[in-house]
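Chains as they are written, first to last, in the numbering used here: chain A, 283 to 538; chain E, 1341 to 1912; chain V, 6 to 125; chain X, 503 to 941.
For every residue, glycine included, the Cβ atom is placed at its ideal position computed from N, Cα and C.
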């Protein structure tokens, strides 16, 4: 296994866009070539090594044999692991917006928190966040009909608003709470929320949203039966009927 | 712009059908931005290469409210096809609804130097001109909508042709427009209360007229004013199964009207969308052969294809009820915009699928029309950008027309029932470079009445496209991939004597001109008209008449063409 | 708490440093019942406080307001108690904020005083 | 003194109504009287205290400077920045906006408009669903049912009702207010609500649920709807749904009451769907009540220039758009900008305090006719002529209609467009110098 570690040289005031921090981009390159990959800070185009200390194995290797370790605070670094198809990215602390954008495969593991737009338009692979995630986890881009289409996202903490907006496939699991409008316009993905949320499943047409805690349910959802999952009771709803949706919303019993 | 140097284009294989030149090796000269008999100066080596006049697009939605509405509602489209800013170029964004800069650059890259916006309401013409002015390089014009206008309908109802002509002239002047566009006549009015007209003889609500009367009235006024372009018509019932009968019925209304110039009496917009058989989408089929037959037997009409291609499109039209139908059918986002006293319009994103039979039939119909109409002067190549497909796909359309093997390859990927619904599979015709030069250059210029466009005779605009193709060597039937590639990025695009694009790279981005038509009418008719109009502004419009017309500030590169009653009939 | 446009706020928004703008905007509308229950009278001030900040405004009774709701004309005073969070869509939460309201004898800061500490 | 002249049909440059029937009496180069305008418009046209000279901050204090010095300093600030924010643009001409976009491209900045603190959520909603709209004259001539949702035109757009909506008369609406049903939905009883046939008071933040319930009722699926939604009884909602369906032509106008509340753009998204669905039964249109007179214009100009209507990031040479990331309030809240040009907007007053505080820590260039709290925190202040009074140019009404504003009186100050051109020229000049110096 080839391993590369990246450490910020100093705290970033202006955020950095670093879609080149990805196993696929690193794979065919030597260490010195990796160091000269382009990153952007505002309107300044820089090399990776101008902003980060880059260390590790020199010899090119396939993406699936590559692990990128991010040491230190990457919360102002955007687009980490964008479009990655294989390999592993391990962040020891937090990462900035758009981590795992368009991800197709591999593992993106974040020990801290992830900012907004985590795994936007993801198609495959796995994203694991030990801390919290921001708004628009696994969503689509503005105006786009389709968000995440495949793969798996797990957040051990809480997530922000618009979780899995326009979800078309794949699964999202949030251990804590989710913000407003989780699973809006869900078209076929699976969302599990361990805590509570507000107005889940608005305009969902397919897919399943399970909320273990409390959820304010829209007036356009039809209450159906009570079901048991892993020994817990859930109230089942069908919706969103504004669009004749055939989605399933399950809310832990005991909530309103 | 400076840089109007002299220029010699050496040794190209020139297709200039308007001047009877069909693939001759010859030198071309440009002086002061215009084609000349002699010139010195910069030499461009075009030896053995395909040379044609700059392309002319007579029907494209490139500017104005609905185009911008398409952009605003589609950030998903804007992120396609982006190119960063460069020393010469502003940034480009978008595929079906590109930003203004991208449109200029992309037309220029393909060798096009002129494009006309197909539909502008008078009330919103200021916006259209703001955008047209921002489109670099190409020359432009905008057709003006009249088909649901209250004043027009009242003149038609009163059978006051002189006042109607005055109204058209006034509207063109107020909109700084180029010609008379009619979209689903009467439908815009009906849509004002959520309805539509069902055919040419269906009375228009609230006004005692029919679409047929509006169309013939405007056609007569158009000829009375001796306008360079004929009426430009989007039929009633467009986009509906079985609508070919409406098409024929409408064309028949106009066959006895005499043109005031050497041109058609009616230009039919995006014929593909009106050549539909069947009674519903289930038994939907092509009626292109019937339509083509009509065009082969009559000489008063021209059409543009409105070719549909698979993939992403954004439909936009002043036919607002059609767009509502599209939105309901596709469950897609829907924008609508009614324009008080004048029009309505709608915008709906669309994806055309290979495996969807209806889409495959629509694809075939456009091609059938172009291949079944014998005279290429009657068929302009368009995709009704961005309704059928974005204009950047013109090279694809050209290769489909020039290559039967290419069509067969495509058809093999389409719905298996396609051959039962269209005749395309049996059409052997393959167009040649003369046909293509006519359909993309000479004919659109003639149909629009642009004397200095679409040809390379002395005095014509110095707009020339040179492609990296050797007409004497390339087999356009077999080497369609090569042809497509060469057409996508002209070797050189020369606009007004300036090399604006070379092998896909934009070298210069001068502003283009905007054509509009100023038609004179007898003062008495204008005076009678003003009484009506002043009342309409006082009672119904939400703005003052003094703030209505487009000010000259919006056309810093105007090119005015005079027409009207006092202009002697042109003898071509 | 909700903030919004008023006629007087609009008329003064191009002369923000003027006393007219101060009078039109540095105010807080309360329902008649709330106004009474806080023991307010015309000309008295209220202190509004939440997690984002605190601001003193002149109290005004407003019959159109339901109880437990305050309305402040949009502008610099209201914005002291609006958070910077944009909820992922670029626009701060200007309306529907929780806020504690109490009568106070503190004066309302004028526009220069309001901004004097900022950025220091 | 010269003779008084009357300028007829001038266009008011205050709010998104762009009333174009204003008569202005000018004498001796001064506006003496304004007729037909509302209190907001006449106050604007009559004029207020103005800034007269450019200023540059020296030793903590703003000191008078020449325009050229101000342009040069502004250019210097913008060129030194890795991520300059160019914010405002709502109260200026499209001609100035075009120059501003060019400047943002040149210096690699982020350009955002005041829409970000008003109808930004509406824009995102429109990106989800499209906008079924019309020009205001269509409402005037045809609408028999009008809903004002979370907006208060009586105070924010005083002539709206008379010129375009509830009280206007047109071809199919000859009786004006009498022939119309007016419904107001709000959390408080505004002046607009007092003029309504029906005032529906909803619980703050419940807009989305109420709209969903209405969509169900309009579609005849009311059985699922609970007895009360957002503080409104189901019977009342059913009544409203029936009224909407019975309209011959209906119009919904919405304002910041719905864009600023919980639900944000989803509220608009849902309202757009409701209106689209109503068109299966009758004719319905919907329109945002735009505040500043040309906030519509910057959306249009930006869209045709960059493909996006607001919050456009040009730092990497090609436009990128994502409100929530690239909007002014996001960038400031995250302190992800290092300089700002604020034009035709008072960001310091209009942003949340903590957001505005970020402006105090970076160099700010202000272009504005008037002194305001943004001035207090600016490094460079450049006064300009007032658009629609001293400068002509284009503006877009709330329904997207472009009008040409007039010049009514002369002014010695440059227009926004001229100032931006001055800064652009200085940017080119300084860049040239650096290039030559580096070579």
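Output, in chain order, the set of chain V residues within a Cβ distance shorter than 7 Å of residue i.
i	result
residue 398(A)	93
residue 444(A)	93
Looking only at its chain, what residues have a beta carbon closer than 8 Å to the beta carbon of residue i, apart from the 5 residues adjacent to it on each side?
i	result
residue 1895(E)	1469, 1473, 1516, 1854, 1856
residue 1387(E)	1350, 1351, 1352
residue 1471(E)	1402, 1403, 1404, 1407, 1408, 1440
residue 286(A)	308, 313, 316, 336, 337, 338, 339, 348, 349, 350, 351
residue 117(V)	22
Using a Cβ cut-off of 8 Å, pull out every chain X residue sitting near residue i, in sequence order please.
i	result
residue 20(V)	550, 551, 872
residue 1571(E)	Under the 8 Å cutoff, chain X gives no residues; its nearest Cβ is about 25 Å from residue 1571(E).
residue 1680(E)	636, 637, 638, 639, 640, 642, 643
residue 1405(E)	902
residue 304(A)	Under the 8 Å cutoff, chain X gives no residues; its nearest Cβ is about 17 Å from residue 304(A).
Give the residues of chain E in contact with residue i, contact being defined as C-beta atoms less than 7 Å apart.
i	result
residue 628(X)	1412, 1413
Just checking: is the beta-carbon of residue i within a distance shorter than 8 Å of some beta-carbon in chain E?
i	result
residue 958(X)	The structure shown does not extend to residue 958(X), since chain X spans only 503 to 941, so no value can be given for it.
residue 527(A)	no
residue 757(X)	no
residue 522(X)	yes
Within the 8 Å Cβ cut-off, does residue i reach chain A?
i	result
residue 1419(E)	yes
residue 125(V)	Below a pLDDT of 50, predicted positions are generally treated as unreliable, and residue 125(V), at 42, falls in that range; the measurement from the model is reported next regardless. For residue 125(V), the answer is no, since every Cβ of chain A falls outside 8 Å of its Cβ.
Excluding sequence positions up to five away, which residues of its chain have a Cβ less than 6 Å from the Cβ of residue i?
i	result
residue 1923(E)	Beyond the ends of chain E as shown, which are 1341 and 1912, falls residue 1923(E); an answer cannot be given.
residue 67(V)	34
residue 379(A)	360, 397, 398, 399
Check whether chain X comes within 8 Å of residue i, counting only Cβ atoms and requiring the distance to be less than that.
i	result
residue 11(V)	yes
residue 1911(E)	Its pLDDT being 44, under 50, residue 1911(E) is placed unreliably in this model, and the coordinates cannot settle the point.
residue 16(V)	yes
residue 63(V)	no
residue 87(V)	yes
residue 40(V)	no
Residues of chain A with CB closer than 9 Å to the CB of residue i, please, in chain order.
i	result
residue 1416(E)	422, 423, 424, 425, 426, 427
Which chain X residues sit within Cβ distance under 9 Å of residue i?
i	result
residue 32(V)	Under the 9 Å cutoff, chain X gives no residues; its nearest Cβ is about 14 Å from residue 32(V).
Given a cut-off of 8 Å on the beta-carbon distance, is the pair residue i and residue j in contact?
i	j	result
residue 1512(E)	residue 1859(E)	yes
residue 791(X)	residue 658(X)	yes
residue 1487(E)	residue 1523(E)	yes
residue 109(V)	residue 619(X)	no
residue 754(X)	residue 788(X)	yes
residue 1640(E)	residue 1578(E)	no
Show which residues of chain X have a CB atom less than 7 Å away from the CB atom of residue i.
i	result
residue 70(V)	690
Interface residues of chain V around residue i at Cβ under 8 Å?
i	result
residue 416(A)	93
Counting only C-beta atoms, is residue i closer than 8 Å to chain V at any point?
i	result
residue 654(X)	yes
residue 542(X)	yes
Using a Cβ-Cβ cutoff of less than 7 Å, which residues in the same chain neighbour residue i once the five nearest sequence positions on both sides are dropped?
i	result
residue 1881(E)	1680, 1681
residue 1619(E)	1581, 1582
Cβ closer than 9 Å: which chain V residues qualify as neighbours of residue i?
i	result
residue 469(X)	Not covered by the structure: residue 469(X). The range shown for chain X is 503 to 941.
Kindly confirm or deny that the stretch 759-778 of chain X and the stretch 639-655 of chain X touch, where touching means at least three C-beta pairs closer than 8 Å.
yes
Evaluate the contact criterion for the stretch 883-903 of chain X versus the stretch 513-522 of chain X: three or more CB pairs, one atom per stretch, below 8 Å.
yes
Pairing CB atoms from the stretch 725-743 of chain X with CB atoms from the stretch 499-509 of chain A, are three or more of them under 8 Å?
yes
Determine contact between the stretch 912-926 of chain X and the stretch 881-892 of chain X, defined as no fewer than three beta-carbon pairs at a distance below 8 Å.
yes
For the structure I just gave you, are there three or more beta carbon pairs, one from the stretch 370-389 of chain A and one from the stretch 61-76 of chain V, closer than 8 Å?
no
Taking contact to mean 3 or more Cβ pairs, one atom from each stretch, closer than 8 Å, check whether the stretch 543-558 of chain X and the stretch 810-820 of chain X are in contact.
no
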